[in-house]
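Peer 1: First to last, the protein sequences are chains A and B. Here this note's numbering = 1-based position in the first sequence + 18. Here this note's numbering = 1-based position in the second sequence + 170. First the structure, then my questions, so here it is.
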Amino acid sequence: MNTLLEADRIGVAYGRHKPVDAISLSVAAGEILVVVGPNGAGKTTLMKLLTGELAPSAGTIRLEGVPLATIPAWKLASQRAVMAQASRLAFPFTVAEVVRIGIDSVGRALARPLRERIIADALDAADIAHLAARSYQTLSGGEQQRVQFARTFAQLQAGRQTSTRQVLFLDEPVANLDLSHQIALMESATGLARAGVAVIAVLHDLNLAATFADRILVMSGGRLHALGAPGAVITRAAVREVFGVDLCREADGTGGLPVVLPQHYAGMRLARGAA
Amino acid sequence: MTIAAEAPSVAGLFASRRRRLAIGVGVFVALLVLLAVLSLGSGAVKIAPGQVVRVMTAWATGDSDGLAGRDALIILSIRVPRLVLACLIGAALAVSGALMQGLFRNPLADPGLVGVSSGAALAAGFTIVLGDHLFGTVAAQLPFVLLPFGAFLGGLAATLILYAVATRHGRTSVAIMLLAGVALGAFAGALTGLLAFVSDDRQLRDLTFWSLGSLSGASWTKVATVTPLILPILLAVPFLARGLNALLLGEAEAYHLGIPVQAVKRAAILMVAVAVGAGVAAAGVIGFVGIVVPHLIRLLFGPDHRVLLPLSALLGAILLTGADLLARTMVAPAELPIGILTAAIGAPFFLWLLLRRDRTLDA
Chain A
19 MNTLLEADRI GVAYGRHKPV DAISLSVAAG EILVVVGPNG AGKTTLMKLL
69 TGELAPSAGT IRLEGVPLAT IPAWKLASQR AVMAQASRLA FPFTVAEVVR
119 IGIDSVGRAL ARPLRERIIA DALDAADIAH LAARSYQTLS GGEQQRVQFA
169 RTFAQLQAGR QTSTRQVLFL DEPVANLDLS HQIALMESAT GLARAGVAVI
219 AVLHDLNLAA TFADRILVMS GGRLHALGAP GAVITRAAVR EVFGVDLCRE
269 ADGTGGLPVV LPQHYAGMRL ARGAA
Chain B
171 MTIAAEAPSV AGLFASRRRR LAIGVGVFVA LLVLLAVLSL GSGAVKIAPG
221 QVVRVMTAWA TGDSDGLAGR DALIILSIRV PRLVLACLIG AALAVSGALM
271 QGLFRNPLAD PGLVGVSSGA ALAAGFTIVL GDHLFGTVAA QLPFVLLPFG
321 AFLGGLAATL ILYAVATRHG RTSVAIMLLA GVALGAFAGA LTGLLAFVSD
371 DRQLRDLTFW SLGSLSGASW TKVATVTPLI LPILLAVPFL ARGLNALLLG
421 EAEAYHLGIP VQAVKRAAIL MVAVAVGAGV AAAGVIGFVG IVVPHLIRLL
471 FGPDHRVLLP LSALLGAILL TGADLLARTM VAPAELPIGI LTAAIGAPFF
521 LWLLLRRDRT LDA
């Protein structure tokens, strides 16, 4: 298999508390792996370990077979990009500048026209070209999130000049987005995956996860609960056990992907219909 | 989808920024030259701008005939060192402010805020008050040598204590550093007050005058002491710009973008300590330059550190040269302490920033 990123029984412990405990996974080039789980399951901590931001207290992570801890930050930046949840900025950078900062380091050797084209492409990919001259501070949360995606997108494109084997990390990338932009962002991520980028995303929406994931990793209490194809992992039993919610689960016609709806909502719908 | 045709192109946006920057640099340089000529010409002896230019050209070309006479002596041995000192210290204070604000991701951060200036002030106070006791009458000239050195060490010590308190496992907590800075500043202030309490009349006068800041003691010796400390920082600071820009997105984000975060933070802290320590040592406590100048640059040219740091240095030099000119001429033949002037302009500006911030950012 064309493995890019590999984690072997990684964990992190603060005293007795283990936010992430003995998780093993591997991601191949072109694959989309979605991590789901209830709040506090350790999803964000797992992302921090995999991006190299946090050193694991147990286990090893390898990127292209090289231990992650031994790769210097400047080199790592051309091999993987991380989209964090939307953050505020203390200073009035324009949207174009925020995206440009994403490639200032990685793309420092590139010629100006190429850099400007990368930025313009990234703005288009996130559907924010019309906001290029706006101050980041004045944008809505969803628009800020799209700027962060554009910044990550640009970083990957700039990094591609030196390293074509890349990983994209998305931590709740659609949390503030409207429905059409949720789909648009996931489609952009899928486009990157088609071009060979391995994508690891944390999502809360199980339907979105099932639609876009090649495989889904279900986390619970810091441990790996299940890892596999969406249809096999998002089951009524698994969701009840991990999330404590009863589902009306149906497999719809499109490729047998699961569509989930909590029974509570289903009950409310029935009651309204009757009234 | 959106109407992309109406939006300006990315290349166009960046090009217009560059044009604006070029014009700005031109205006700033012209302003600095103008102020320099005015500054060299004013004082107890008025010298016409034409004569100032003649003397300076003679000096630059090494024409010894043009350097004879009283005007040349006054300009070259008294006013040029003062001008150079004003430019260096103004640039150092403004750049320190910009560095601090980038490091703390807070537009209101200032070297005065995190105790660097207070530490320098305390060490200088010790030198003034205790120097006499320790070295007796033998060393009447000693404080003159010790004062700059002490202030510099004090500023550095304050920064290192702060760094030690705020850094755990190689990571600096910005919040703890700010809070510790406030505590350190208060503590140093209390000790400085105690020094004022035990000092005699002459020491008290020295202490007061020095804590208000003044360039009146400028000399080529002071220039020679301060230049090797400040000039390398001014030259090195653009190399931190990329890292500071990325840091504004967050420390994790900066790391993800390939920035050696801890190295950038350490370099910034050290540069601030040295620049402020050296500035305070040479001219006493001059406040608010570090907060006013970077803000004006951000308003005019945006927050990009690649522009902000060098232009802050330039505008800092302009501002302090202008303030010094005012300080010398407003109540001539007496001289106002320059710290009073910068505080009188800076404090209302700071309040205005707070009000404005309240309306725009937190709304």
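Beta carbons: idealized from backbone N, C-alpha and C, even for Gly. Computed from a prediction, not measured in an experiment: that's the story for all the values here.
Interface residues of chain A around Leu183/B at Cβ under 7 angstroms?
Peer 2: Ala114, Ala150, Ala151
Peer 1: Find the residues of chain A that neighbour Ala416/B, judging by a C-beta separation of less than 9 angstroms, and give them in chain order.
Peer 2: Ile119, Gly120, Asp122, Ser123
Peer 1: Strictly below 8 angstroms CB to CB, what residues from chain B border Pro110/A?
Peer 2: Arg468, Gly472, Pro473
Peer 1: For the putative contact between Ala290/B and Val450/B, defined by C-beta atoms under 8 angstroms, what is the C-beta separation to the nearest angstrom?
Peer 2: 4 angstroms
Peer 1: If Arg164/A and Ala144/A are in contact, beta carbons under 8 angstroms, what's the gap, nearest whole angstrom?
Peer 2: That pair is a contact at about 4 angstroms.
Peer 1: Of all the residues that make up the stretch 236 to 253 of chain A, which are near chain B by a beta-carbon distance shorter than 7 angstroms?
Peer 2: none
Peer 1: The alpha helix (DSSP H) spanning Ala296/A covers which residue range?
Peer 2: Here chain A comprises residues numbered 19 to 293, so residue 296/A is not present and cannot be evaluated.
Peer 1: Take the Cβ of His282/A as the centre, count every other Cβ of all protein chains shown within 10 Å, and call the residue buried at 16 or more, exposed below.
Peer 2: exposed
Peer 1: Glu24/A lies in the alpha helix (DSSP H); which residues open and close that run?
Peer 2: Unbroken run through Glu24/A is the beta strand (DSSP E), 21 to 32; no alpha helix (DSSP H).
Peer 1: Nearest by alpha-carbon distance to Cys257/B: which of Leu521/B, Trp522/B, Leu484/B is it?
Peer 2: Leu484/B
Peer 1: Can a CB atom of chain A be found closer than 8 angstroms to the CB of Gly363/B?
Peer 2: no
Peer 1: Since Ser198/A is in the alpha helix (DSSP H), which residue starts that stretch and which ends it?
Peer 2: 197 to 212
Peer 1: What residues from chain A crowd round Ala422/B, counting only those whose CB sits closer than 7 angstroms?
Peer 2: Glu71, Ala102
Peer 1: Can you tell me whether DSSP reads Asp122/A as helix, strand or coil?
Peer 2: helix
Peer 1: Going by DSSP, what residues sit across from Met500/B in a beta bridge?
Peer 2: For Met500/B, which the question treats as bridged, DSSP gives no partner whatsoever.
Peer 1: Over what stretch of residues does the beta strand (DSSP E) that includes Ala36/A continue unbroken?
Peer 2: Rather than Ala, the amino acid found at residue 36/A in this sequence is Lys. Note, Lys36/A: beta strand (DSSP E), 35 to 46.
Peer 1: Can you tell me which of Leu107/A, Ala168/A, Leu68/A puts its alpha carbon nearest to the alpha carbon of Arg135/A?
Peer 2: Per the Cα distances, Ala168/A.
Peer 1: Using a Cβ-Cβ cut-off of less than 9 angstroms, give me the residues of the stretch 165 to 176 of chain A that come near chain B, in sequence order.
Peer 2: Answer in chain order: Gln166, Arg169, Thr170, Gln173.
Peer 1: Flag Ala533/B as yes if its beta-carbon sits less than 8 angstroms from any beta-carbon of chain A, otherwise no.
Peer 2: Below a pLDDT of 50, predicted positions are generally treated as unreliable, and Ala533/B, at 32, falls in that range; the measurement from the model is reported next regardless. Output row for Ala533/B: interface = no.
Peer 1: Please classify Tyr32/A as buried or exposed, where buried requires at least 16 neighbouring CB atoms within 10 angstroms.
Peer 2: That one is exposed.
Peer 1: Return the bridge partner residues of Ala99/A from the DSSP annotation.
Peer 2: Answer is Leu186/A, bridged to Ala99/A.
Peer 1: Using 10 angstroms around the beta-carbon of Gly295/B, count the other beta-carbons present and answer buried if the total reaches 16, otherwise exposed.
Peer 2: Buried, because 16 or more other Cβ atoms sit within 10 Å of the Cβ of Gly295/B.
Peer 1: When you compare each of Val223/B, Ile403/B, Asn276/B to Gly447/B by their alpha carbons, which one comes out closest?
Peer 2: Nearest in C-alpha terms to Gly447/B, of all of Val223/B, Ile403/B, Asn276/B, is Ile403/B.
Peer 1: So Thr78/A is in the beta strand (DSSP E); what residue range does that whole segment cover?
Peer 2: 76 to 81
Peer 1: Under a CB-based cut-off of 8 angstroms, is Gly211/B close to chain A?
Peer 2: no
Peer 1: In or out: Asn20/A buried (at least 16 other Cβ within 10 Å) or exposed?
Peer 2: That one is exposed.
Peer 1: Check for me: the beta strand (DSSP E) holding Ser238/A runs from which residue to which?
Peer 2: 233 to 238
Peer 1: Do Phe109/A and Leu414/B have their C-beta atoms within less than 8 angstroms of each other?
Peer 2: no
Peer 1: Short of 6 angstroms in beta carbon distance, which residues of its chain neighbour Ala99/A, apart from the five on each side in sequence? Order them along the chain.
Peer 2: Thr170, Gln173, Leu174, Leu186
Peer 1: If the cut is a Cβ gap below 8 angstroms, which residues of chain A does Leu427/B touch?
Peer 2: Ordered by position in chain A, the residues that pass the 8 angstroms Cβ test against Leu427/B are Ala95, Ile119, Gly120, Asp122, Ser123, Val124, Gln173.
Peer 1: Out of Glu421/B, Leu354/B, Ser381/B, which has the shortest C-alpha to C-alpha gap to Pro318/B?
Peer 2: Ser381/B
Peer 1: Contact check, Ala416/B vs Ser96/A under 8 angstroms by CB: the rounded distance?
Peer 2: Going by Cβ atoms, the distance from Ala416/B to Ser96/A rounds to 14 angstroms, so no, they are not a contact pair.
Peer 1: So with CB distances below 7 angstroms, who are the chain B contacts of Ile5/A?
Peer 2: Examination of residue 5/A is not possible in this model, given that chain A is present from 19 through 293 alone.
Peer 1: Which residues mark the beginning and the end of the beta strand (DSSP E) in which His148/A is found?
Peer 2: Careful: His148/A lies outside any beta strand (DSSP E) and carries neither H nor E.
Peer 1: Would the stretch 259 to 276 of chain B and the stretch 484 to 500 of chain B be scored as touching if the rule is three or more Cβ pairs under 8 angstroms?
Peer 2: yes
Peer 1: Going residue by residue through the stretch 190 to 257 of chain B, where are the continuous alpha helix (DSSP H) segments of at least 4 residues, counting only ones entirely within it?
Peer 2: The alpha helix (DSSP H) runs lying completely inside the stretch 190 to 257 of chain B and spanning 4 residues or more are 219 to 231, 240 to 244, given in chain order.
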